[in-house]
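Enquirer: Using our numbering, you'd call the opening residue of the sequence shown number 411 and step up by one each time.
Beta carbons are placed, not taken as given, at the ideal position from N, Cα and C, and that holds for glycine.
Every value quoted in this text rests on a predicted model; they were computed, and no experiment measured them.
Structure below; questions to follow.
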Amino acid sequence: MCELGETIKDCRYPMVKMCLTGTDAPKSGEGLRIAVYQGEGLAGDQKAIDYNLKCLKEWAEKAASYQAQILVLPELFLCGYNILPDDIPHVVRTEAEVQELVGPIARKNGLAIVCPYAEKDPVTGEHYDTILTLDKSGEILRNYRKCHLWGEGEKTNWKYPYVDHPEEAYRPFKVNGINVGLLNCYEAEFPELYRIYALQGTQVVIAPTAADVGTVNAEGVFFSSWTYPDISKTAIPGNAYSNKMFVVYSNHSMRQFRSDGSLSGVYLGNSAIADPYGELLAHANNMPTLLIADCVPSNYMPTHPYGESDYIKDRRPELYAALTRMEAKLPDGSTYHYPKNPNKRS
Numbered sequence: 411m412c413e414l415g416e417t418i419k420d421c422r423y424p425m426v427k428m429c430l431t432g433t434d435a436p437k438s439g440e441g442l443r444i445a446v447y448q449g450e451g452l453a454g455d456q457k458a459i460d461y462n463l464k465c466l467k468e469w470a471e472k473a474a475s476y477q478a479q480i481l482v483l484p485e486l487f488l489c490g491y492n493i494l495p496d497d498i499p500h501v502v503r504t505e506a507e508v509q510e511l512v513g514p515i516a517r518k519n520g521l522a523i524v525c526p527y528a529e530k531d532p533v534t535g536e537h538y539d540t541i542l543t544l545d546k547s548g549e550i551l552r553n554y555r556k557c558h559l560w561g562e563g564e565k566t567n568w569k570y571p572y573v574d575h576p577e578e579a580y581r582p583f584k585v586n587g588i589n590v591g592l593l594n595c596y597e598a599e600f601p602e603l604y605r606i607y608a609l610q611g612t613q614v615v616i617a618p619t620a621a622d623v624g625t626v627n628a629e630g631v632f633f634s635s636w637t638y639p640d641i642s643k644t645a646i647p648g649n650a651y652s653n654k655m656f657v658v659y660s661n662h663s664m665r666q667f668r669s670d671g672s673l674s675g676v677y678l679g680n681s682a683i684a685d686p687y688g689e690l691l692a693h694a695n696n697m698p699t700l701l702i703a704d705c706v707p708s709n710y711m712p713t714h715p716y717g718e719s720d721y722i723k724d725r726r727p728e729l730y731a732a733l734t735r736m737e738a739k740l741p742d743g744s745t746y747h748y749p750k751n752p753n754k755r756s
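Here it is, written out as structure tokens:
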């Protein structure tokens, strides 16, 4: 619910679209002023990282000028999304290295930053599709590794995390006194994950993504059998409503290039912020855009008459054992067995 309505400023790139509840940002514990940036970038090497960091410095300053308390960036923002196997040694960074790069930007602008990157575990050397969240002092709030990998490309590039410690996967943290959780791209389409967060009192779920029209493969061929579904109009508002939470979806826009000028991918540019009523507080068209919205939970009354019904309190967990079975019956009558360790899938 946006008391002042949506306003649009700066009709040049980046376009700024805002939905604010007041002039000042929400106080601690009351809400969170969230900025989402979508734009073009580079992918695949150190030059791409340098360029994307330069852009981040500009965007963080812009977000701070609107008193944003957290800036959200798209999936694999730091190195670009369409990472080819030969790119990996040139783009992976440790958690500490990314903190060193992004922390000063957070401190300078006094806002938390959600920065997705390609992670190298300093102990095992394994690679992950990761989201690092820093607070306004540049300290680490959460380093979340993507659990549900999409497509063969991701399954080739990245490892599945939390195999031995699943309890570490979906842990909320606080920004400005508000409970925040993270999902990564494809994961924003799994209702179970929102409910896991809702059962921990999460008020805002942030989901960086790289939903594309198509990408260029290692042979230089643009591949697009079909455009990625636009879940900003379906799964994002639907899961926000059914869990009475805000959901923030941050995508790349337009095109992403490699540092030699060749095309890397084309993206949907459909970033959005949904509220607990399943309405979009702010949404972008496919152009460089900064979305800014105040997410204030107390502005939203119960979704059912008289407040006598509640999706969380009215659950019957004793009926839901089927959700955690390690097999599923498929429509064709066959049975799918889930691997205990997805990294060892056949």
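Can you check the region 690 to 732 for any beta strand (DSSP E) of at least 3 residues that lies completely inside it and give the ranges in chain order?
Expert: You should have 690 to 693, 699 to 705.
Enquirer: Taking C-alpha atoms, which residue in V501, S672, R443, Y491 lies nearest to S475?
Expert: With distances taken between Cα atoms, S475 lies closest to R443.
Enquirer: Check the C-beta distance from G679 over to N653 and give it rounded, since I have them as a contact under 8 Å.
Expert: The Cβ separation is near 26 Å, so there is no contact.
Enquirer: In chain order, what residues of the same chain lie with their CB nearer than 7 Å to the CB of E502, ignoring the 5 residues before and after it?
Expert: Checking the displayed sequence, the identity of residue 502 turns out to be Val instead of Glu. The residues are A528, E529, K530, H537.
Enquirer: Could you give the distance in angstroms between the alpha-carbon of V508 and the alpha-carbon of T566?
Expert: Between V508 and T566, the C-alpha separation is close to 23 Å.
Enquirer: Where does the unbroken beta strand (DSSP E) through K739 begin, and where does it stop?
Expert: Its beta strand (DSSP E) spans residues 737 to 739.
Enquirer: Is the beta carbon of L521 sitting closer than 8 Å to the one on I550?
Expert: The answer is no: Cβ separation not under 8 Å.
Enquirer: Ignoring anything shorter than 3 residues, give me the beta strand (DSSP E) runs that lie fully in the region 508 to 592, in order along the chain.
Expert: Fully enclosed beta strand (DSSP E) runs of 3 or longer: 522 to 530, 537 to 544, 550 to 555, 583 to 585, 588 to 592.
Enquirer: Could you please give the first and the last residue of the uninterrupted alpha helix (DSSP H) stretch that includes L456?
Expert: One point to set straight first is that residue 456 is Gln, not Leu, in the sequence displayed. Unbroken alpha helix (DSSP H) run through Q456: 456 to 475.
Enquirer: Just list the residues that DSSP pairs T745 with in beta bridges.
Expert: DSSP lists K739 as partners of T745.
Enquirer: Would G717 and G688 be called neighbours here (beta carbons separated by less than 8 Å)?
Expert: Result no, Cβ atoms of G717 and G688 do not sit closer than 8 Å.
Enquirer: Going along the chain, which residues of its own chain have a beta-carbon closer than 7 Å to the beta-carbon of E578, five neighbours each way excluded?
Expert: Excluding sequence neighbours, E578 sits near Y572.
Enquirer: So, for E602: in the same chain, excluding its five sequence neighbours on each side, which residues have a beta-carbon less than 8 Å away from its beta-carbon?
Expert: If we look at E602 and ignore the five residues flanking it on each side, its Cβ neighbours are L733.
Enquirer: Judging by CA-CA distance, which residue of P484, A731, S634, A703 is the nearest neighbour of A617?
Expert: Among P484, A731, S634, A703, the Cα nearest to that of A617 belongs to P484.
Enquirer: Touching or not, the region 452 to 471 and the region 433 to 443, by the rule of three or more beta carbon pairs under 8 Å?
Expert: Judged by Cβ distances under 8 Å, the region 452 to 471 makes no contact with the region 433 to 443, as fewer than three pairs qualify.
Enquirer: Taking 8 Å as the threshold, find out whether the region 672 to 686 comes into contact with the region 614 to 633 through three or more Cβ pairs.
Expert: Judged by Cβ distances under 8 Å, the region 672 to 686 makes contact with the region 614 to 633, as three or more pairs qualify.
Enquirer: Return the CA-CA distance between L511 and L729, expressed in angstroms with no decimal places.
Expert: Between L511 and L729, the C-alpha separation is close to 47 Å.
Enquirer: Inspect the beta-carbon positions of S554 and Q666 and report whether they are closer than 8 Å.
Expert: Position check: residue 554 holds Tyr in this sequence, whereas Ser was assumed. No, the Cβ-Cβ distance between Y554 and Q666 is not below 8 Å.
Enquirer: Does the Cβ of A731 have 16 or more other Cβ atoms within 10 Å, making it buried, or fewer, making it exposed?
Expert: Classification for A731: exposed.
Enquirer: The alpha helix (DSSP H) spanning Y651 covers which residue range?
Expert: Taken as a continuous stretch (DSSP letters only), the alpha helix (DSSP H) holding Y651 covers 645 to 653.
Enquirer: Going by C-alpha distance, which of K754, K464, E737 is nearest Y748?
Expert: That would be E737, whose Cα lies nearest to the Cα of Y748.
Enquirer: Check whether the Cβ atoms of G587 and G439 lie closer than 8 Å to each other.
Expert: Yes, the pair counts as a contact, with Cβ atoms nearer than the cut-off.
Enquirer: Using alpha carbons as the reference points, say which of P686, W636, S719 lies closest to V706.
Expert: Among P686, W636, S719, the Cα nearest to that of V706 is on P686.
Enquirer: Taking the C-alpha atoms as reference points, what is the distance between M428 and L494?
Expert: Using only the alpha carbons, I get a separation of about 36 Å.
Enquirer: Check the C-beta distance from L700 over to Y447 and give it rounded, since I have them as a contact under 8 Å.
Expert: Yes, they are in contact, since the Cβ atoms of L700 and Y447 sit about 5 Å apart, within 8 Å.
Enquirer: Have a look at the DSSP bridge pairing and note the partners of V658.
Expert: Answer is I616, I683.
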